[in-house]
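Down below is the structure, laid out as structure tokens.
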Amino acid sequence: MKALPALMAVTALFGSIQLFHGGSGEHNAANDPIAPSGDYRLVANGDEASCAVKRGTEVSHSLSLLTVAANCRRVLPGIEHAKFWREQDDGTVTFSANGIDPIVTFAVADGDGYESYVPVLPLLSLAVIGP
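The sequence shown maps to residues 4 to 134 in my numbering.
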């Protein structure tokens, strides 16, 4: 008889988790914040060129250091000068040399990553590397 209350508790917990994630039974990545630091792969137009970028230590609210590989110039000329990652309240991310003026602006994409919308071309994707 002790198994019935335990089973009911597990069922209630599972139901609460399902409700929290929209009830679909699938992980809803759009509701999760993107990792605050880590390694990313920057790709232009579906693998034409790619390079590594690393979001580093947060230096102030929404502003983090950024390390851009030297070969990122092949992806977007000028991006190699970016030193800062700024995440806006709406989830958009900008890379800049001075922390203010964007070189590139990304919106949250489906899944774990971002897609650029400024500049219009080349279209860039930014995806987390690793787990």
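Glycine included, C-beta positions come from ideal geometry on N, C-alpha and C.
Predicted, not measured: the structure shown is a model, and the values here were computed from it.
Cross-strand partners of residue i (DSSP beta bridge)
i: Val96; result: Glu90 and Phe109
i: Val62; result: DSSP, once it has assigned bridges, lists no residue as partnering Val62.
i: Tyr120; result: Answer is none; Tyr120 lacks a bridge partner.
i: Gly81; result: Note: Gly81 sits in no beta bridge, so no partner.
i: Asp42; result: Lys57
Sequence-distant residues of the same chain with beta carbon closer than 7 Å to residue i, five excluded per side
i: Ala85; result: Leu69, Val71, Phe98, Ser99, Ala100 and Ile106
i: Gly59; result: Ser40, Ser67, Leu68, Leu69 and Thr70
Simplified DSSP assignment, three categories, for residue i
i: Glu51; result: coil
i: Ala130; result: strand
Anticipated Cβ contact below 8 Å, residue i with residue j, distance rounded
i: Val111; j: Tyr43; result: So it is not a contact: roughly 13 Å between Cβ atoms.
i: Asn48; j: Leu129; result: Wrong, their Cβ atoms sit about 13 Å apart, outside the cutoff.
i: Leu45; j: Val78; result: 6 Å
Same chain only: Cβ atoms within 6 Å of residue i, ignoring 5 sequence neighbours per side
i: Val121; result: Thr108
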